[in-house]
Amino acid sequence: MVEKENNKESLPEISIEQLEEGVQHVNNPIIGLMPIEKRYLKSVKEYVQNNNNFYFSDGEARVEVRVVSDEIIRVRLAPHGTFLEEFSYAVNKPEQRVTVFSFDEDEDKYWVKTNTVTCLISKKDFLISFQDNQGLVTNEDYTTMHWEENADFGGYYVYCTKKCSPEENFYGLGDKPTGFNLRGKRFQNWNTDTYSFAKDQDPLYRSIPFYIGIKEGVSYGVFLDNTYKTHFDFGHQEHDKTSFWADGGEIQYYYIHGPHMMDVVKRYHTLTGTHPLPPQWALGYHQCRWSYYPESKLKSLAKNFRERKIPCDALYLDIDYMDGYRCFTWNKKYFPDPKRMIKELLNDGFKTVVIIDPGIKVDDNYWVFREGKENKYFCRRSDDYFMEGHVWPGRCQFPDYTNPEVRQWWGGLFKELVEVGVAGVWNDMNEPAVFGSGTFPNDVRHQYDGHRGSHRKAHNVYGMQMVRATYDGLKKLQKNKRPFTITRAGYSGVQRYSSVWTGDNLASWEHLRLASLQCQRLSVSGVSFCGTDIGGFTGEPDGELFTRWIQLGVFTPFMRAHSAGDTREREPWSFGKEYEDINRKFIELRYRLLPYIYSAFWEQHRYGFPILRPIVMVEQDVKTNLVREEEFTFGDKILISPVMEPGQTSKVLYLPAGKWYDYWTHEPFEGGMEHTVATPLDSMPIFVKAGSVIPEWPLMQYVGEFEPDEIKFQIYYSDYEVNSFYFEDHGDTFAYEQDIYTEKKFVVKGDATMLNIKQFSEGLYTPRYETYELKLIGLPFIPSKVYIDGKEQNQDLKFDELKRVIIHANKNFRNIEIFK
Ligand code: MIG
389 MVEKENNKES LPEISIEQLE EGVQHVNNPI IGLMPIEKRY LKSVKEYVQN
439 NNNFYFSDGE ARVEVRVVSD EIIRVRLAPH GTFLEEFSYA VNKPEQRVTV
489 FSFDEDEDKY WVKTNTVTCL ISKKDFLISF QDNQGLVTNE DYTTMHWEEN
539 ADFGGYYVYC TKKCSPEENF YGLGDKPTGF NLRGKRFQNW NTDTYSFAKD
589 QDPLYRSIPF YIGIKEGVSY GVFLDNTYKT HFDFGHQEHD KTSFWADGGE
639 IQYYYIHGPH MMDVVKRYHT LTGTHPLPPQ WALGYHQCRW SYYPESKLKS
689 LAKNFRERKI PCDALYLDID YMDGYRCFTW NKKYFPDPKR MIKELLNDGF
739 KTVVIIDPGI KVDDNYWVFR EGKENKYFCR RSDDYFMEGH VWPGRCQFPD
789 YTNPEVRQWW GGLFKELVEV GVAGVWNDMN EPAVFGSGTF PNDVRHQYDG
839 HRGSHRKAHN VYGMQMVRAT YDGLKKLQKN KRPFTITRAG YSGVQRYSSV
889 WTGDNLASWE HLRLASLQCQ RLSVSGVSFC GTDIGGFTGE PDGELFTRWI
939 QLGVFTPFMR AHSAGDTRER EPWSFGKEYE DINRKFIELR YRLLPYIYSA
989 FWEQHRYGFP ILRPIVMVEQ DVKTNLVREE EFTFGDKILI SPVMEPGQTS
1039 KVLYLPAGKW YDYWTHEPFE GGMEHTVATP LDSMPIFVKA GSVIPEWPLM
1089 QYVGEFEPDE IKFQIYYSDY EVNSFYFEDH GDTFAYEQDI YTEKKFVVKG
1139 DATMLNIKQF SEGLYTPRYE TYELKLIGLP FIPSKVYIDG KEQNQDLKFD
1189 ELKRVIIHAN KNFRNIEIFK
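Each residue of the sequence shown is one higher than the last, beginning at 389 in the numbering used here.
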């Protein structure tokens, strides 16, 4: 299959350099070439307070400072004094969540103060800065916010320039395929289909205008909620300035206080939401390819997984399952009876996920096109012509997903797919991508939920609104079953509707490294449910690269192998027995750890914890020269240092402060230092934090194959107190919203002669199993007595070959004591 050469040209635009030089010339039809100047705020002349909103004016321009919560303050700029209507696709509920704040002024400045943050506005020069309650300045303007009139479209280019201190580092911004620290670099956000993207290529598929700064060990965040093309410069043009700007709309940013990076990310989640719980099967292994067809091919794929005993939960249908690439249709030659086929796959434990693109074929005999045409659901150009472009089906028109009525219609289109049993939907090409031109022209109009705008404003949210419509539609049609969706494009907040994958990567060792970086970065940017095309989309991995990618994939929240149509077969067994056995071992590991992985999803959903945590997040004051960027923790208990080089037999890694255990050998390791560990192909460095309680399932070939009759917990001895969470529920409904779940907290602490494990429970779910198997790892003494809830037990307390002591307890135990 030939990939269309497309989407690579960028749109005509005014060069950033021109803009940054401060003066540019635009061709005004009436007066010819005229200079456009950047204009800056002057002195503050007056202020008005309205509840938690403070308005400062220099006589013409106005600035709004809003106390959003104790730790979040929003700043907006209206160059001519009138703010745009309050509306955001990213921020769920912009309402106030705080009661205590104060306002004061002295000769030089005003200050708006909450318990944690003070926002200072200097009277003379209108500079804004933020301090913590100890008076430490975390973030301050270098120049005042400024703007430039945009004569072509109306509105303004809007800018904010902050001081950047020599020690300051920057993180976030979503899917950027670059080193973890963004310092010294410049980026833009404009969702772009980037087939076979390269390291450092920018922009890619998603726009997440949110970054985290760490200065002198203190973290803060800035979320620029602006959907136009946005730009970020982290000390690139000038080493002492961090700037962000947008090609339209408002400067509207949220300052989010830390002091820890984790606090910042959690608070960013309070603004933009978290992932709903995915159906549990979606955390299993997914097998995808462009494309598996016809039916016999899919069937033999399924058979292979079961016969070879390689666990798998989902199989994908890429664009060829459709009739001439018409969405919501089937190619009946390849798939004569989809309902029967999907049912048969399901009986064997496989869910079927299908791709749906936004381009609707212009064809009056095609019901989706007719409905869209009759109801005026497709996007139109400024002069009312329909927006037409070529994608897979040929000439297409495109629904305006920024119109709630269109979203409603779109959601309903999934009715038949749900009826035939499709379990998940994959939204592709929604940057939106168009062959040849790349994307829509800027003059395309969008309804924008009643806040009309051109494509300049709607481009970056188009894909997010598409997958939102998809998610909401599925949720309704599936009657309280959790939808599974995956999207390529997105904007801040997309996590409320979907998982994402990083797009068309390459089968190379460099891309394996990028996979780790991109997923970590997405995770701290609000999109934890992410993954990469395991093995690389284009090009050919060898067995070693594929296996190393599977190993990393076990620890990416979304685990899917995918490959382009013109590549060789890419299944876990495609590279020969040696690799197949290792791939199986690691996919099995994923399935054993599913209850741990699921619990991490719950912590993300409920508390806003990112699932992947870079080492700088785990240990904010870590010496950066010790950090290997590919290393991260999954949840807060398991650390992974994936192997990133061919032929590598050992690697040096860093363990953050504290005590750790080698997952494979149970050998204890000291943290706060580097270690050299062996990395044979059939292994990968995995470490567990002392004090952890890690739940494991018995091995299943797919989620729900059987109900476990016992949950196993690996309990790692610690001489300091450590808490662990464990979550369980039905796994595929929204009953958890009515408290039908169980959240357990374990508290582990030991000393030289005893180990104590406490359990606390919350929620209304009762699992069917009765007992736990507890594997005690790292005991520094030979145990002789066990008490469960005060009663001495008669259990065998011998060490097994892996130096573990295994005991059993009722699932409702409250307190276990193990004595020397
Ligand atoms: O123009 O559906 O990124 O995962 O297999 C290419 C075919 C369209 C791009 C996606 C890729 C998918 C492919 N799609």
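Glycine included, each C-beta is placed from N, C-alpha and C at the ideal position. As the structure is a prediction and not an experimental result, all values here were calculated from the model.
For residue i, the three-state DSSP class (helix, strand or coil)
i     : result
Q1036 : coil
L465  : strand
T1012 : helix
G956  : It is worth fixing the name first, because residue 956 is Arg in this sequence and not Gly. Of the three classes helix, strand and coil, the one that applies to R956 here is coil, per DSSP.
I516  : strand
P726  : helix
P792  : helix
W798  : helix
F872  : coil
Y608  : strand
H413  : In this prediction, H413 has a pLDDT of 46, which is less than 50 and means its spatial position is unreliable; what the coordinates show is noted afterwards. If DSSP states are grouped into helix, strand and coil, H413 belongs with the strands.
E473  : coil
I1003 : helix
Neighbourhood of residue i by C-beta distance below 8 angstroms, restricted to the same chain and skipping five residues each side
i     : result
K1208 : A1140, T1141, M1142, F1169, I1170, P1171, S1172
V1110 : K1077, A1078, G1079, S1080, V1135, V1136, K1137
Y681  : L705, D708, Y709, N719, Y722, F723
Closest residue to residue i among the options (Cα-Cα distance)
i     : options                 : result
L667  : W755, V479, F917, T549  : Inspection of the sequence shows that residue 667 is occupied by Pro rather than by Leu. Minimum Cα distance to P667 is reached at F917.
M710  : P647, L703, K720, I1082 : K720
K512  : T532, K426, K1137, F974 : T532
D969  : W780, Q625, W1085, K697 : K697
R769  : D831, I922, V813        : D831
N1198 : F1101, Q1126, L805      : F1101
I1209 : H834, H657, E683        : Limits of the chain in this structure are 389 at one end and 1208 at the other, which puts residue 1209 out of reach.
P554  : Y545, G601, H534, V779  : G601
Q835  : Q1181, R677, P792       : P792
R833  : K864, I874, K764, R856  : K764
G636  : Y599, W578, G623, Y583  : W578
R856  : H674, K867, V888, K845  : V888
D458  : E537, D651, E452        : D651
Beta-carbon proximity check, residue i vs residue j, cutoff 9 angstroms
i     : j     : result
G605  : R884  : no
I938  : N893  : no
Y1160 : E1205 : no
W897  : L933  : yes
R454  : L465  : no
Y643  : D613  : no
V653  : G996  : yes
G861  : G800  : yes
H993  : L665  : yes
F946  : G919  : yes
Y492  : H645  : The identity of residue 492 in the sequence shown is Asp, whereas the question assumes Tyr. No, these two residues do not count as a Cβ contact at 9 angstroms.
H778  : G824  : yes
Span of the alpha helix (DSSP H) around residue i
i     : result
G931  : 931-942
V849  : 843-865
Y984  : 982-995
A1066 : Here A1066 belongs to no alpha helix (DSSP H); instead the beta strand (DSSP E) covers 1061-1066.
A690  : 683-695
F757  : 755-762
Proximal residues to residue i (C-beta, below 7 angstroms), its chain only, five neighbours per side dropped
i     : result
A690  : L703, L733, D736, F738
P1002 : F568, Q908, V912, F1020
L865  : F802, K803, V806
K863  : P871
P400  : Confidence at P400 is low in this model, with a pLDDT of 36, below 50, so its placement is unreliable and the value that follows should be read with caution. Once the five neighbours on either side are set aside, P400 has no close Cβ partner at all.
Endpoints, the beta strand (DSSP E) within which residue i is located
i     : result
P534  : Per the sequence shown, the amino acid found at residue 534 is His instead of Pro. Here the beta strand (DSSP E) through H534 covers 534-537.
G782  : 782-785
Y641  : 640-645
I1204 : 1203-1207
E434  : 434-438
V1193 : 1192-1198
Nonlocal neighbours in the same chain, by C-beta distance under 6 angstroms from residue i, ignoring five residues either side
i     : result
N1203 : K1146, D1177
E556  : G601, K603
K1247 : Only positions 389 to 1208 of the chain appear in this structure, which leaves residue 1247 out of reach.
Q1036 : T1067
T926  : S584, L894, A952
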